[in-house]
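Reading through the structure tokens given below for one structure.
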Amino acid sequence: MATDFKSIPIIDVAPLLAKCDDPKMVQDPGVREVVKQLDQACSQAGFFYAIYWWILEGHILMLISGYALDMNKGHGIPETMVKEVRNITHKFFDLPYEEKLKIKMTPAAGYRGYQRIGENITKGVPDMHEAIDVGVTNSYFIFYHFIYIALLLQGASGTF
């Protein structure tokens with residue numbers, strides 16, 4: 020459940036938009052900070068305003084968009100499990116790019132594994148997200164790769 024908050028989070032998404040065409044945007048500290056702010060806003064307040072401004076013909080223009088998201092209701096998954104999965108996910112995506120590539124998506128793996136930014140093409144345009152694609156088609160693969168992720172995280176932080 021979202022915690023109490025005194026104001027709606029306002030997030031400047033300019034660093035994210037400035038790098039949206041860069042396939043290495045996930046490595047940019049500004050982009051990573053925006054993503055963390057978005058995650059915190061969604062998990063704590065359940066709502067945020069995304070702010071972006073630019074200058075057009077000498078005028079400052081600003082775009083303010085509101086987004087509501089509450090991933091903490093109605094799914095029946097215990098809160099402790101949700102928190103544990105979120106922690107593991109954050110640890111994985113905080114790993115260096117080279118480490119994440121160790122479980123990259125391949126045809127041999129049934130198109131499961133790490134997917135870098137720009138790798139997924141929708142309507143001819145690269146998507147601007149990174150992901151770990153999993154599925155139930157091969158339970159051994161899923162088990163193996165989650166164990167591998169756990170070992171990567173253990174090595175990265177010293178604890179798991």
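According to the numbering used here, numbering within the sequence shown proceeds without interruption in unit steps and concludes at 179. Note that beta-carbon positions come from the ideal geometry of N, C-alpha and C, so glycine has one too. Bear in mind the structure is a predicted one, so any value in this text is a computation, not a measurement.
> If Ile30 and Val53 are in contact, beta carbons under 8 Å, what's the gap, nearest whole angstrom?
Replying inline: On the sequence shown, position 11 is the one that residue 30 refers to. On the sequence shown, position 34 is the one that residue 53 refers to. That pair is a contact at about 6 Å.
> Quick one: Cα of Tyr130 to Cα of Asp152, how far?
Replying inline: Within the sequence shown, residue 130 is the residue found at index 111, counting from 1. Within the sequence shown, residue 152 is the residue found at index 133, counting from 1. So the alpha carbons of these two residues sit roughly 8 Å apart.
> Of all the options Val45, Pro34, Asp146 and Ala128, which has the alpha carbon lying nearest to the alpha carbon of Leu114?
Replying inline: Mapped onto the sequence shown, residue 114 falls at position 95. Among Val45, Pro34, Asp146 and Ala128, the Cα nearest to that of Leu114 belongs to Val45.
> If we ignore side chains and look at the alpha-carbon of each, how far apart do Ala60 and Phe66 end up?
Replying inline: The residue labelled residue 60 in the question sits at position 41 within the sequence shown. The residue labelled residue 66 in the question sits at position 47 within the sequence shown. Distance between the alpha carbons of Ala60 and Phe66: 6 Å.
> Residue ranges of each alpha helix (DSSP H) run of no fewer than 4 residues wholly in the stretch 30-63, ordered along the chain?
Replying inline: 33-37 and 48-59
>> In the DSSP output, what is Arg131 paired with across the bridge?
In response: For the purposes of this step, residue 131 is taken as residue 112 along the sequence shown, with counting starting at 1. Answer is Thr125, bridged to Arg131.
> Is DSSP giving Ile107 helix, strand or coil here?
Replying inline: Numbered from 1 along the sequence shown, position 88 holds the residue referred to as residue 107. Note: Ile107 maps to helix in three-state DSSP.
>> Since Tyr133 and Lys123 should fall inside the 8 Å C-beta cutoff, what is the C-beta to C-beta distance between them, to a whole number of angstroms?
In response: As a working mapping, residue 133 is identified with position 114 in the sequence shown. As a working mapping, residue 123 is identified with position 104 in the sequence shown. Rounded, the Cβ-Cβ distance is 5 Å, consistent with contact.
>> My assumption, with CB atoms under 8 Å, is that Pro28 sits in contact with Gln56. Please give the rounded CB distance.
In response: The residue labelled residue 28 in the question sits at position 9 within the sequence shown. The residue labelled residue 56 in the question sits at position 37 within the sequence shown. Correct: roughly 7 Å between the Cβ atoms.
> Which residue or residues does DSSP assign as beta-bridge partners of Thr99?
Replying inline: Within the sequence shown, residue 99 is the residue found at index 80, counting from 1. Answer by DSSP bridge pairing: none, since Thr99 is not bridged.
> By DSSP, does Asp113 sit in helix, in strand, or in coil?
Replying inline: Within the sequence shown, numbered from 1, the residue matching residue 113 stands at position 94. Here Asp113 sits in helix by DSSP.
> What distance in whole Å lies between the Cβ atoms of Pro48 and Gly137, which are believed to be in contact at a cut-off of 8 Å?
Replying inline: Here residue 137 corresponds to residue number 118 of the sequence shown, with the count starting at 1. Here residue 48 corresponds to residue number 29 of the sequence shown, with the count starting at 1. Rounded, the Cβ-Cβ distance is 19 Å, inconsistent with contact.
>> Beta-carbon within less than 6 Å of Gly143's beta-carbon, same chain only, minus the 5 sequence neighbours each way: which residues are those?
In response: If you number the sequence shown from 1, residue 143 lands on position 124. Same-chain partners within the cutoff: there are none.
> Should Val104 go down as buried or exposed, given a rule of 16 or more other Cβ atoms within 10 Å for buried?
Replying inline: The residue given as residue 104 occupies position 85 in the sequence shown. Result: exposed.
> Does the beta-carbon of Lys121 have 16 or more other beta-carbons within 10 angstroms, so that it is buried, or is it exposed?
Replying inline: Looking up residue 121 in the sequence shown gives position 102. Exposed, because fewer than 16 other Cβ atoms sit within 10 Å of the Cβ of Lys121.
> Leaving out the 5 sequence neighbours to the left and right, which residues in its chain are closer than 8 Å to Ala37 when beta-carbon positions are compared?
Replying inline: In the sequence shown, counting from the first residue as 1, residue 37 sits at position 18. The residues are Gly49.
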